[in-house]
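Below is one structure, written out as structure tokens; the observations come after it.
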Amino acid sequence: MSAPLDAERIAAMLGPLRLTRARARAARQGGAHPRRAAGPGSEFWQYRMLTPGEAADKVDWRRSGRSDALYVREREREDPVRLWLWSDASASMDYASDETLPRKKTLADTLVAAIGLAAYEAGETCCTPPDPRPLRGDALLAPHGHGDAPTLTNPGPADIVLAAGDFLSPGALDWIAPAATAGAQGVVIAVADPAEIAFPFAGRVHFDAVEPGDRPFEAGRAEALSDTYAAAWDAHRARIAAVCNRPGWLLVDAVTNADAAALAARIASWLREAA
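With the first letter of the sequence shown counted as 1, position 129 gets the number 129 in the UniProt record's numbering; the numbers rise by one all the way through.
What follows is the structure, given as structure tokens:
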């Protein structure tokens with residue numbers, strides 16, 4: 001199934017995704033907060049009388065039943081939370097070790113688009129770094145990758161960054177510390193193919209160059225490299241875990257043979273928590 005179609009299916013399964021975690025944290029830090037004005041929000045603010053021309057389905061019949069007037073229930077307007085959507089567009093993401101598996105980029109795009117669609121359905125603001133303008137409609141389904149790391153525009157305590165990639169490029173994790181220092185929260189989806197984890201290669205194997213500056217390599221006995229490779233892979237994953245080990249940040253390991261819907265449900269559950 002293509003990434004856009006799968007993303008729509010998963011988003012429908014998740015339902016409207018309100019970014020409760022970001023809103024609660026921002027309120028504590030003096031960022032996003034109720035505005036004492038009517039508008040989109042979750043908290044009741046006041047009743048007002050129905051004005052001529054308004055639809056009858058806006059009437060709060062329980063309140064109106066206690067008087068001779070028709071009343072509308074208003075919610076208090078809240079400052080918006082921004083959900084930054086980003087998926088790795090580097091060449092190493094265009095890899096699948098088996099034709100039955102999706103490419104790493106497909107899984108990344110699917111998860112990011114599904115969460116974005118679900119948040120948009122709840123009225124949340126979604127954007128793609130570095131452009132803070134809100135995404136709408138089909139733009140939410142487009143790949144949100146620009147290079148090998150997101151470039152954020154003034155992230156703050158009312159922001160959550162959803163970033164999916166393999167983060168193999170030098171400096172691919174450098175954006176996390178300044179974003180966290182600015183008060184933003186984040187979900188880092190570390191995408192990997194099963195072969196990248198297990199290194200199931202043996203005998204003579206030719207490894208193509210992937211990223212600019214790489215050189216192709218041919219191993220006469222690939223199995224002799226397994227210990228060295230395992231140590232390098234473990235160090236890479238440890239770097240990701242270390243930089244994400246901070247309050248308000250979630251690291252999700254996403255292997256391409258895993259259930260994308262289950263991964264999205266875990267992310268959505270975390271975003272809904274009022275931490």
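Don't be surprised by glycine CBs; every beta carbon is placed ideally from N, CA and C.
The three-state reading of DSSP puts Glu218 in strand, counting E and B together. Within the UniProt domain "DUF58" (46–124), the alpha helix (DSSP H) runs of at least 4 residues that lie entirely inside it are, in chain order, 61–64, 104–121. DSSP places Leu140 in the helix class (H, G or I) of the three-state scheme. Counting C-beta pairs closer than 8 angstroms gives fewer than three between the segment 81–97 and the segment 56–65, which falls short of the contact rule.
With respect to Ala118, Leu17 sits close: the two C-beta atoms are nearer than 8 angstroms. Judged by beta-carbon spacing, Ala254 lies within the 8 angstroms limit of Val191, meaning their Cβ atoms are closer than that value.
Boundaries for His236: no beta strand (DSSP E) harbours it, while the alpha helix (DSSP H) harbouring it runs 226–244, taken from the DSSP string. Cβ contact annotation for Glu8 (same chain, cutoff 7 angstroms, sequence separation greater than five): Leu117, in chain order.
Ala254: member of the beta strand (DSSP E) spanning 249–255, first to last residue. In summary, Ser90 is buried, with 16 or more beta-carbon neighbours lying within 10 Å of its beta-carbon over all protein chains present.
Here Ala12 has no same chain residue with a Cβ atom under 7 angstroms from its own Cβ, once five neighbours each way along the sequence are excluded. DSSP places Asp174 in the coil class of the three-state scheme, outside both helix and strand.
Excluding residues up to 5 positions away in sequence, Ala96, Thr256 lie with their Cβ nearer than 7 angstroms to the Cβ of Pro102 in the same chain. Under the three-state reduction of DSSP output, Leu19 falls in the coil class, being neither helix nor strand. Sixteen is the threshold: since fewer than 16 other Cβ atoms of the shown chains lie within 10 Å of the Cβ of Gly203, the residue is exposed. Taken through DSSP and simplified to helix, strand or coil, Ala192 comes out as strand. Closest by C-alpha distance to Glu218, out of Phe207, Gln185, Ala261, is Phe207. Where Ala164 is concerned, the enclosing beta strand (DSSP E) starts and stops at 159–165.
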